[in-house]
Each structure stands twice: as C-alpha cells, then as structure tokens.
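A.B. asks:
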Amino acid sequence: EGTQGFYVSAEQQLITRGDSEEDLDKGLFVFAKYARGDKDVAECEQSVGLGACLHGTFGDRTDDQAGIFVGWADLSNDPMSGYARDETAIEFFYKVAITPFLSLKPDLQYIINPSGDPGIHDAVVGSIRLELTF
C-alpha cells in the first residue's frame, strides 16, 4: 500500500571563536536529528541523534574540528525481526587539517547492543579517515 516517514535536523552555533568575519564559522556547534519510519515495514522505527562539534580547536589549529555524537536507534519489536534490544552509539572524533585540502580524522565509537542482538557484546570501533577536498 505504501509507506511513509520523515527526518528533521537542527544545528545551532552556541559560541563564536572570535570577533572577525573570518571567525564566524568557528566555535561550538550543537545539533539534533530525528527520523521516524513506518513501523510496519521499517526495521528501525525511529532514531535520535545529539551531538556537538568544535570548529577551531586549540590556539592556531583554527581549521581542526573535534566532536561528540550520541545516537539511539529504536529497533523493531517484531519477534520475527531478530532484534531484542535497541542500539546506542557514542562517537568521538578529531579532524586534523593538514593542509586546506587534506585532513586526517581519527574516530572512536562505542556501540551498545550492536544490531540489537543480546548475543553480541558491546563494541569499540576505531577508524582513521583520510579526507581529500577538491
């Protein structure tokens, strides 16, 4: 018959790092995300995410970023879905601007109830991303 859902997000800068026009995009930003799907067909009925990101971290590291994110996924309660619990993830990252077009971004996540499966232990996942901007 069809399905439906929606997604909404909001971001707000709380603190500006400096007073000059060049510094307007530097400082502390917070954001929130919410998504909802049709529980009759979606494996994840809803999800919520909250986070903060500091643009311009220390002293002269004005192009670096540091952030934290917490996300929750409301996994299906349908016994046939295989999900016994909801999943929660906590993420930390630091983006090092090596040049204006090249950055390195280590990331660490702690995932509670991965895939909603009680048989899987909570997981720590790390990654390092090399970003090239054209």
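Residue numbers (my numbering): 289 to 422. Even for Gly, the Cβ is constructed at its ideal location relative to N, Cα and C. These numbers come from a predicted model, not from an experiment.
Measuring alpha carbon to alpha carbon, tell me which residue in Gln301, Gly315 and Lys327 is nearest His343.
C.D. replies: If we check each option's Cα against that of His343, Gly315 comes out closest.
A.B. asks: Please classify Ala385 as buried or exposed, where buried requires at least 16 other C-beta atoms within 10 Å of its C-beta.
C.D. replies: Classification for Ala385: buried.
A.B. asks: Between Cys341 and Phe381, what straight-line distance do the alpha-carbon atoms span, to the nearest angstrom?
C.D. replies: C-alpha separation (whole angstroms): 9 Å.
A.B. asks: By how many angstroms is the C-alpha of Gln301 removed from the C-alpha of Asp307?
C.D. replies: Going by the C-alpha atoms only, they are around 14 Å apart.
A.B. asks: Could you have a look at Ser403 and say whether DSSP puts it in helix, strand or coil?
C.D. replies: DSSP places Ser403 in helix when its eight states are reduced to three.
A.B. asks: For Ile408, which residues from the same chain have a beta carbon less than 6 Å from its beta carbon, with the 5 sequence-adjacent residues on both sides left out?
C.D. replies: Pro402.
A.B. asks: Under DSSP, the beta strand (DSSP E) around Arg335 begins and ends at which residues?
C.D. replies: Residue identity differs from the one stated: residue 335 is Ser in this sequence, not Arg. Ser335 -> beta strand (DSSP E) spans Cys332 to His343.
A.B. asks: Which word fits Ala411, buried or exposed, when buried means at least 16 other C-beta atoms lie within 10 angstroms of its C-beta?
C.D. replies: Ala411 comes out exposed.
A.B. asks: Beta-carbon within less than 7 Å of Thr387's beta-carbon, same chain only, minus the 5 sequence neighbours each way: which residues are those?
C.D. replies: Excluding sequence neighbours, Thr387 sits near nothing in its chain.
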